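Trainee: Chains as they are written, first to last, in the working numbering: chain A, 20 to 471; chain B, 20 to 471; chain C, 20 to 471; chain D, 20 to 471. I am attaching a structure below and will ask some questions about it afterwards.
Protein chains: 4
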Amino acid sequence: MSSHPVIEFTSSSSWAMIEDKFSPFAKETLAKLIKFQQEEVWPALRVAHAQLPDGEARWKTVIPIVADLKKRARQLGLWNLFLSKTHYPQHGVDLTNLEYAVMAEILGRGGHFASEIVNCSAPDTGNMEVLARYGSPEQQKKWLLPLLNGEIRSSFAMTERFVASSDATNIRTSIRQEGNEIVINGHKWWISGAGDPRCAVHLVLGKSDPNNSDRYQQQSIVIVPANAPGVKIVRPMKVFGYDDAPEGHCEIIYDNVRVPLSNLILGWGKGFEIIQGRLGPGRIHHCMRSIGAAQSALDLMLSRVTDPARKTFGKYLYEHGTVVADIAKSRAEIESARLLVLSAAIQIDKYKAKGALKEIGIAKFVVPSMALQVVDRAMQSFGAEGVSQDQALAATWAGLRTLRYADGPDAVHIQQIGQRELKRAPEVTRRLEQIRVKEKGLFAKYGVKSHL
Amino acid sequence: MSSHPVIEFTSSSSWAMIEDKFSPFAKETLAKLIKFQQEEVWPALRVAHAQLPDGEARWKTVIPIVADLKKRARQLGLWNLFLSKTHYPQHGVDLTNLEYAVMAEILGRGGHFASEIVNCSAPDTGNMEVLARYGSPEQQKKWLLPLLNGEIRSSFAMTERFVASSDATNIRTSIRQEGNEIVINGHKWWISGAGDPRCAVHLVLGKSDPNNSDRYQQQSIVIVPANAPGVKIVRPMKVFGYDDAPEGHCEIIYDNVRVPLSNLILGWGKGFEIIQGRLGPGRIHHCMRSIGAAQSALDLMLSRVTDPARKTFGKYLYEHGTVVADIAKSRAEIESARLLVLSAAIQIDKYKAKGALKEIGIAKFVVPSMALQVVDRAMQSFGAEGVSQDQALAATWAGLRTLRYADGPDAVHIQQIGQRELKRAPEVTRRLEQIRVKEKGLFAKYGVKSHL
Amino acid sequence: MSSHPVIEFTSSSSWAMIEDKFSPFAKETLAKLIKFQQEEVWPALRVAHAQLPDGEARWKTVIPIVADLKKRARQLGLWNLFLSKTHYPQHGVDLTNLEYAVMAEILGRGGHFASEIVNCSAPDTGNMEVLARYGSPEQQKKWLLPLLNGEIRSSFAMTERFVASSDATNIRTSIRQEGNEIVINGHKWWISGAGDPRCAVHLVLGKSDPNNSDRYQQQSIVIVPANAPGVKIVRPMKVFGYDDAPEGHCEIIYDNVRVPLSNLILGWGKGFEIIQGRLGPGRIHHCMRSIGAAQSALDLMLSRVTDPARKTFGKYLYEHGTVVADIAKSRAEIESARLLVLSAAIQIDKYKAKGALKEIGIAKFVVPSMALQVVDRAMQSFGAEGVSQDQALAATWAGLRTLRYADGPDAVHIQQIGQRELKRAPEVTRRLEQIRVKEKGLFAKYGVKSHL
Amino acid sequence: MSSHPVIEFTSSSSWAMIEDKFSPFAKETLAKLIKFQQEEVWPALRVAHAQLPDGEARWKTVIPIVADLKKRARQLGLWNLFLSKTHYPQHGVDLTNLEYAVMAEILGRGGHFASEIVNCSAPDTGNMEVLARYGSPEQQKKWLLPLLNGEIRSSFAMTERFVASSDATNIRTSIRQEGNEIVINGHKWWISGAGDPRCAVHLVLGKSDPNNSDRYQQQSIVIVPANAPGVKIVRPMKVFGYDDAPEGHCEIIYDNVRVPLSNLILGWGKGFEIIQGRLGPGRIHHCMRSIGAAQSALDLMLSRVTDPARKTFGKYLYEHGTVVADIAKSRAEIESARLLVLSAAIQIDKYKAKGALKEIGIAKFVVPSMALQVVDRAMQSFGAEGVSQDQALAATWAGLRTLRYADGPDAVHIQQIGQRELKRAPEVTRRLEQIRVKEKGLFAKYGVKSHL
């Protein structure tokens with residue numbers, strides 16, 4: 020068998036399917052990434068959480084061990100791996116979507132910090148892509164470069180309170196020009212990353228032309244420095260009981276915030292276009308991280324159920340009830356979900372995100388539910404410890420749970436995939452009718468009576 | 020149709036099935052309880068949470084609005100409803116298990132505080148039952164009376180760290196006699212209620228006779244005042260990030276704690292007997308509260324999906340995707356789970372907890388999973404808000420999740436029910452063989468050829 | 020515990036819940052029915068199947084052992100138990116819906132023949148109800164009496180080929196008056212019972228007034244003798260390969276069939292009213308029979324997995340894999356489904372079928388899927404034998420599968436229940452708003468800051 | 020996008036993943052196969068069923084249209100595609116397992132006849148592999164060549180009545196040498212293909228050395244001509260109501276059957292080795308055919324739910340209930356199952372069947388359940404017609420159902436995969452412990468307190 024270390028952490032079967040699509044550089048980078056995670060990042064994760072103080076100080080802390088590891092990652096060349104050289108020749112790394120997807124799975128085993136350490140964490144990744152693709156040279160110099168260098172962090176302010184903002188046309192935040200300035204007023208929440216002391220910039224979506232007859236031309240996106248007067252952080256929202264400090268998911272009021280006109284991205288009315296471009300590949304990165312989280316949970320479960328200290332009534336945990344079957348199902352579900360996402364990555368590499376909408380959509384509604392189930396089984400094997408702060412499982416579960424509505428709830432993706440399939444109906448029906456016509460001929464030719 | 024207000028909050032179909040088993044007193048009490056919850060308790064829940072400070076102060080706070088409502092409940096006679104007069108003639112209330120089960124469902128809609136307000140919250144309920152049934156007059160006077168009066172609170176210290184303590188024979192805490200004293204040494208965690216400033220007493224399970232050949236005679240239970248020297252609260256454990264202050268679930272070290280010999284409950288080696296007696300009906304109360312939580316979540320969902328402010332793409336939420344089907348399934352699942360638990364309550368009333376083991380066991384593994392699913396669907400309809408601190412749903416979900424391992428993990432109950440069924444096999448097989456013998460005779464009598 | 024033999028075949032927990040609603044007559048009849056099934060009917064079932072010849076003769080056979088048992092049942096007074104004396108004082112039996120429901124479960128263990136033997140099998144039951152409720156004295160004398168006596172059998176001709184006839188307004192069969200006669204032209208299929216040599220009469224639904232502005236006044240029902248000229252049985256339809264001879268489910272062409280005007284039931288345009296009245300309680304009888312089928316399959320499974328002859332690799336089947344858990348789940352699912360249907364029966368007894376639409380609807384979509392699952396698990400434990408003609412399981416499964424669309428597909432019932440729930444939304448929302456108003460007051464009163 | 024016609028019938032996403040592993044010959048053969056199926060085979064399927072008479076004649080019929088299409092397939096070079104040239108250089112076709120897997124999916128759309136027409140149907144395929152790999156030149160000349168030419172058909176007689184023969188050591192059939200002859204006595208059932216008038220040969224597994232201390236050396240396999248004296252076909256077993264004539268699944272008694280010693284395959288005691296070798300790739304062919312069946316069912320469903328003639332209450336079927344979501348789920352399930360099986364095929368191509376046990380095992384328990392679910396949803400959309408003889412769906416479902424126990428029941432594969440995973444536990448635990456050690460060092464280095 021092939022001997023790349025990735026097999027140990029993912030699956031030999033998927034690797035057999037994609038190995039020949041990996042460049043030597045990608046294989047080498049992947050091996051380096053795995054070594055770094057295993058030897059330096061994963062042992063640091065619970066230290067990082069312990070370094071985070073209680074109370075208000077949580078929101079003013081740069082976690083020392085994370086900061087140290089970021090420097091280390093950059094030295095190792097494990098940095099900005101998400102940014103494809105194909106699309107972003109200047110700053111990108113020479114990796115295909117498929118190649119990065121496998122790395123994203125490895126990163127997903129280490130939770131949020133693992134991605135941050137290699138400067139591949141949301142929402143910075145999406146924001147860097149937006150600035151690299153749509154930003155003016157001045158905007159890039161001021162905001163993109165420090166983001167690429169990991170010196171600052173950023174937010175993307177879209178979701179609004181009291182509004183069904185998953186339909187972007189419902190957005191109420193007002194963005195209007197006054198002379199050389201843009202004035203922003205709005206009430207957002209769930210703005211991830213805005214709690215971080217390093218967060219220097221918000222990309223804010225609002226309505227600049229609410230009466231435009233084209234509903235998808237009404238929105239614009241503006242760069243707002245985090246320290247601009249009028250930017251009021253109301254409170255951190257919690258996900259289950261987690262505040263996800265220091266980044267957080269903040270409720271924010273933009274109260275007559277004023278920025279120079281040059282802070283508009285791409286142009287008036289381009290907001291919808293930008294958010295559409297922002298999503299695509301990011302979704303499968305989320306999915307691959309989820310698969311890493313699931314695989315890691317299964318590994319924890321394997322270790323727990325074979326732990327002699329956990330025997331009850333004289334038997335290992337795995338000898339009780341349906342544990343072996345649960346493990347088999349988890350393994351099968353992870354394998355098939357991984358293949359789905361890898362196939363989406365290949366599709367993106369071949370036909371761009373637009374040509375991979377079906378694959379992305381399917382992965383988007385299949386993977387989080389799969390991962391939740393696998394992590395839940397692992398939690399159950401840990402009893403109370405599984406839901407506590409001593410194991411990553413509960414926090415992982417809570418994070419995965421948000422993926423069932425983030426970037427569009429499951430239901431939206433399910434409906435879209437269903438509707439796509441329905442578009443095949445006319446062609447399928449045409450083919451069935453052709454068969455029926457020939458069938459009729461054959462009934463006649465062979466002189467057989469038909470009730471059809 | 021019958022017109023009791025309970026129909027509005029539970030189901031007319033289950034009510035039709037049990038109404039004639041309710042006494043006039045129970046009907047009246049139930050109506051009073053519903054009115055009190057709706058008009059005074061449910062409006063107070065989010066106030067109570069807001070009254071809880073951050074940081075260390077969380078663990079030193081008696082929440083004012085909860086304290087006020089406790090007084091009010093007692094005035095109304097809505098107090099200690101869980102304690103059956105049949106079993107506890109002196110302190111009990113004249114309600115059957117069935118009657119209290121329906122009230123527990125109503126209480127379950129209001130989360131933990133709702134039960135506390137009527138002095139019906141775990142672990143106090145179980146501890147009061149233990150003291151009432153097994154306590155000496157002196158123990159009852161000192162600890163039971165103030166508990167019945169809601170003046171103090173209590174803990175039950177059983178689960179141990181680093182130990183598979185769901186098998187009680189694995190318990191490591193040592194309880195030994197030294198002269199007129201008992202000395203306790205052990206390391207517990209997940210001790211609910213021990214964080215509360217009002218918590219005055221722990222019932223501690225430990226091994227007093229580890230070499231006894233009867234593994235179920237090795238354990239004893241001792242009353243330990245919360246402020247005894249050597250009782251060290253290490254930290255609160257969290258459930259999906261929630262600390263459940265002020266009660267909490269604490270890690271505790273008992274370090275050479277000394278109590279008088281008279282603090283032993285029932286006698287040496289009686290620990291296992293006591294915990295067995297402690298469980299029975301309590302489990303179906305948990306189940307009924309879970310059903311109340313599920314029903315309440317479904318109600319929230321109904322309100323959300325018909326909210327005009329939540330329309331997207333011109334349609335109500337309920338007009339999208341599978342929402343109507345999800346609601347129908349939730350309703351059906353709640354109905355059938357409720358009937359299961361009510362049937363268990365009737366069984367307990369008729370044949371005591373021992374005669375209802377099958378019904379209790381089935382309810383125990385069916386209900387939490389059902390409720391988790393219903394609450395999860397409701398959460399999904401709320402998007403991000405559903406997992407946040409602004410709706411009770413996520414905290415409810417986290418609490419329900421712990422019921423899948425508390426008092427025995429699902430797998431244990433499933434195996435027990437399966438094994439019970441297997442005991443029917445010989446009788447079933449005997450009956451099938453009788454049929455086969457007669458069948459053979461009939462084949463012969465009618466002269467028909469058989470391949471069997 | 021109570022000692023009625025029903026406990027052995029159903030469940031002590033449901034019996035504890037309903038026992039006091041049973042009359043002495045019902046208890047006695049139930050006991051007699053059980054004894055008759057166990058000692059005479061169940062041993063006869065495979066003989067009956069073996070007495071059915073192959074080929075065309077299948078459709079011309081009155082199965083001798085079934086005929087003998089019908090006589091025996093009538094002697095025992097186990098006859099027409101489905102027909103409630105309350106609604107049909109002249110011919111009915113003194114049983115409530117609840118009481119008959121439990122008997123229907125017992126009958127369901129024995130498949131179709133068991134119901135036929137006590138003259139309680141569809142479609143005769145529904146047809147007898149129609150004739151008893153809506154028939155003229157002349158119609159009753161000619162058709163109802165012989166049906167009640169089990170001398171003839173009958174069909175109900177509603178479903179049409181090439182038409183989505185689950186929407187009754189799509190019906191195409193034409194029923195028109197010509198002088199003193201009614202002329203019927205139409206193409207039906209899935210007409211159960213029409214293959215039986217004893218089938219003497221069809222109740223045919225058609226359109227008599229297709230242009231009536233009230234779409235529910237367009238249909239009429241006419242009595243058609245099975246041997247009327249123009250009644251052409253095209254072929255038997257099969258269900259998963261089963262032809263269900265001798266009754267069958269026939270494709271029939273009514274080609275200019277002429278009957279006297281007196282064969283019209285109830286009056287012109289009353290077709291829809293009649294089919295509505297025909298359904299109600301019949302649906303829960305189907306459900307209870309399904310539960311009997313499921314319980315019986317579980318019993319077979321218990322016997323199989325404890326059979327020493329079926330050991331593999333030195334272990335009983337039940338010692339492998341997830342068998343014990345599967346059994347526990349089957350048991351739990353049967354218990355809760357049974358309670359659902361019994362609660363529907365009580366609801367019908369209290370508030371008529373119209374007041375039990377919710378309960379009937381839930382049972383209708385929950386029970387068949389539950390039973391299919393239980394039977395499928397049992398089949399799996401039998402391996403290949405489970406799907407063969409040597410065990411009843413596969414035929415039972417196929418019959419149950421048809422219940423997921425018969426009398427309205429699952430989806431219709433699910434939507435109706437979901438829509439019913441949505442009607443609760445305004446009241447639920449009103450109550451939630453009341454709580455919010457009081458909550459606001461309490462925040463103010465206690466001086467606590469709110470983010471809500 | 021790539022334009023191979025396979026995309027229309029399978030999925031562009033899986034094709035993107037594997038296209039570069041297809042040889043030009045394979046691509047061309049695949050295209051030819053698709054055209055042949057669509058234009059000649061699929062229109063013939065219902066004719067073939069109609070050509071099968073009722074009664075005893077079913078078992079004496081060579082279906083004319085199938086015979087004609089076999090000739091045609093051979094002319095087209097679409098013949099014996101299952102036999103890999105790599106393993107069987109003399110008779111094989113130049114296709115990898117991956118390449119044939121995709122063709123097997125296409126064949127799976129057409130049910131059993133489609134495979135037979137290209138001489139790729141079980142049990143002949145497995146028998147040809149056995150004879151090609153283990154047969155003597157004489158055996159190959161006499162039996163393999165006519166099988167390869169499609170002139171005769173064959174059976175594999177393993178399963179025994181009254182015996183748990185999924186554990187091959189339970190086999191009771193006796194095979195013993197007498198002089199130059201072998202004498203066979205045994206009672207088998209579910210012997211597929213033995214009903215066919217063209218079936219000329221049985222490969223019979225029995226015990227030749229029941230006392231051998233190695234339980235896997237007790238069995239031998241012998242070639243038995245179908246017309247040998249003592250071969251008694253008792254009856255056809257049915258799968259649900261289907262007899263699967265003309266091939267059938269027969270109960271057979273081998274009563275003192277005598278064959279020459281040269282009919283022994285491979286040698287005494289080699290039975291277990293042969294059946295092990297027989298299974299591997301065949302299992303994934305079953306799986307791919309199942310995926311084809313599922314995809315074809317989904318296509319039928321798409322056509323049905325968009326059929327204007329099936330509108331009810333003014334709406335298309337797809338506008339009701341959860342149909343769109345059901346379609347989306349079916350699509351997602353098919354996609355991920357297909358990727359699983361293709362990855363197993365690649366694994367076999369790279370590492371032989373032995374190196375692909377995990378992938379084959381997962382596919383074996385995932386795919387049939389997936390396909391059953393997809394076909395069941397399609398059936399439901401057809402109402403009663405869906406379970407009838409007029410659509411292939413019910414027969415397809417019944418066939419798929421047998422795959423959940425054929426070649427080992429689901430439970431066996433699930434346990435094996437679970438146990439395989441458990442073997443990873445020591446290595447996983449070792450890695451976790453390494454992390455814990457480093458973590459401890461980091462807690463110390465950074466001076467952070469740990470509760471772990």
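Glycine residues also receive a C-beta, built at the ideal position from the N, C-alpha and C atoms. If you're wondering where the values come from, they're calculated on a predicted model, not measured in any experiment.
Using Cβ-Cβ distances below 8 angstroms, what residues of the stretch 236-253 of chain A are close to chain B?
Mentor: Answer set for the stretch 236-253 of chain A: empty.
Trainee: Hey, is the stretch 57-68 of chain A in contact with the stretch 157-171 of chain A, meaning 3+ C-beta pairs nearer than 8 angstroms?
Mentor: No, they do not touch.
Trainee: So, at 6 angstroms on beta carbons, what are the nonlocal neighbours of alanine 267(C) in its own chain, with the 5 sequence-adjacent residues on each side left out?
Mentor: Just to set this straight, residue 267(C) is glycine in the shown sequence, not alanine. Result list for glycine 267(C): Gly214, Pro255, in chain order.
Trainee: Which residues in chain B sit within 8 angstroms of isoleucine 454(C), going by Cβ to Cβ distance?
Mentor: Residues of chain B passing the Cβ test: Gln57, Trp61, Pro62.
Trainee: For alanine 176(A), which of helix, strand or coil comes out of DSSP?
Mentor: Here alanine 176(A) sits in strand by DSSP.
Trainee: Once DSSP output is grouped into helix, strand and coil, what is the label at tyrosine 370(B)?
Mentor: In this structure, tyrosine 370(B) counts as helix in the three-state DSSP scheme.
Trainee: Sorted by chain position, which residues of the same chain lie with C-beta nearer than 8 angstroms to lysine 51(B)'s C-beta, five sequence neighbours on each side aside?
Mentor: Answer for lysine 51(B): Leu95, Gly96, Leu97, listed in chain order.
Trainee: Could you name each continuous alpha helix (DSSP H) segment of 4 residues or more that falls completely within the stretch 384-435 of chain D, going from the start of the chain to the end?
Mentor: Counting only runs of 4 or more, we get 412-421.
Trainee: Taking the C-alpha atoms as reference points, what is the distance between glutamate 474(C) and alanine 45(C)?
Mentor: What the structure shows of chain C is the stretch from 20 to 471, and residue 474(C) is not part of that stretch, so it cannot be assessed.
Trainee: Report all residues from its chain with a CB closer than 7 angstroms to the CB of serine 469(D); omit the five preceding and five following residues, and keep chain order.
Mentor: The answer, listed in chain order, is Phe462.
Trainee: Got a sec? Which residues, its chain only, sit under 7 angstroms from methionine 398(C) by beta carbon, not counting five neighbours each side?
Mentor: The residues are Gly405, Val406, Leu412, Ala413, Trp416.
Trainee: Classify lysine 207(A) as buried or exposed, calling it buried when 16 or more other Cβ atoms lie within 10 Å of its own Cβ.
Mentor: Counting Cβ neighbours within 10 Å, lysine 207(A) comes out buried, since at least 16 surround it.
Trainee: Identify the continuous alpha helix (DSSP H) that holds histidine 491(C) and give its terminal residues.
Mentor: There is no way to answer for residue 491(C), as the model of chain C reaches only from 20 to 471.
Trainee: Can you give the Cα-Cα distance for asparagine 231(A) and serine 103(A), rounded to whole angstroms?
Mentor: Each residue's alpha carbon lies about 35 angstroms from the other.
Trainee: Output needed in chain order: residues of the stretch 327-351 of chain B with a Cβ under 9 angstroms from some Cβ in chain C.
Mentor: Of all residues in the stretch 327-351 of chain B, Tyr337, Val342, Val343, Ala344, Asp345, Ile346, Ala347, Lys348, Ser349, Arg350, Ala351 have a Cβ within less than 9 angstroms of some Cβ in chain C.
Trainee: Any chance the stretch 125-134 of chain B sits against the stretch 305-321 of chain B, with 3 or more Cβ pairs inside 8 angstroms?
Mentor: Contact between the stretch 125-134 of chain B and the stretch 305-321 of chain B is present, because at least three Cβ pairs lie under 8 angstroms.
Trainee: Given a limit of 7 angstroms on CB to CB distance, which residues of the stretch 80-102 of chain C reach chain B?
Mentor: Within the stretch 80-102 of chain C, the residues whose Cβ lies closer than 7 angstroms to some Cβ of chain B are Pro83, Ile84, listed in chain order.
Trainee: Inspect the beta-carbon positions of valine 385(B) and alanine 363(B) and report whether they are closer than 8 angstroms.
Mentor: No, these two residues do not count as a Cβ contact at 8 angstroms.
Trainee: Between histidine 470(D) and chain B, is any beta-carbon pair separated by less than 8 angstroms?
Mentor: Yes, contact with chain B.
Trainee: Please report whether the beta-carbon of valine 406(D) lies at a distance below 8 angstroms from any beta-carbon of chain C.
Mentor: Closer than 8 angstroms to some Cβ of chain C, the Cβ of valine 406(D) qualifies, so yes.
Trainee: Run down chain D in chain order and give the residues with a C-beta less than 7 angstroms from the C-beta of tryptophan 209(C).
Mentor: Those within 7 angstroms of tryptophan 209(C) in chain D are Ala403.
Trainee: Got a sec? Which residues, its chain only, sit under 7 angstroms from histidine 131(A) by beta carbon, not counting five neighbours each side?
Mentor: Only Ser140 meet the Cβ criterion.
Trainee: CA-CA distance, isoleucine 84(B) and leucine 317(C)?
Mentor: Distance between the alpha carbons of isoleucine 84(B) and leucine 317(C) is about 53 angstroms.
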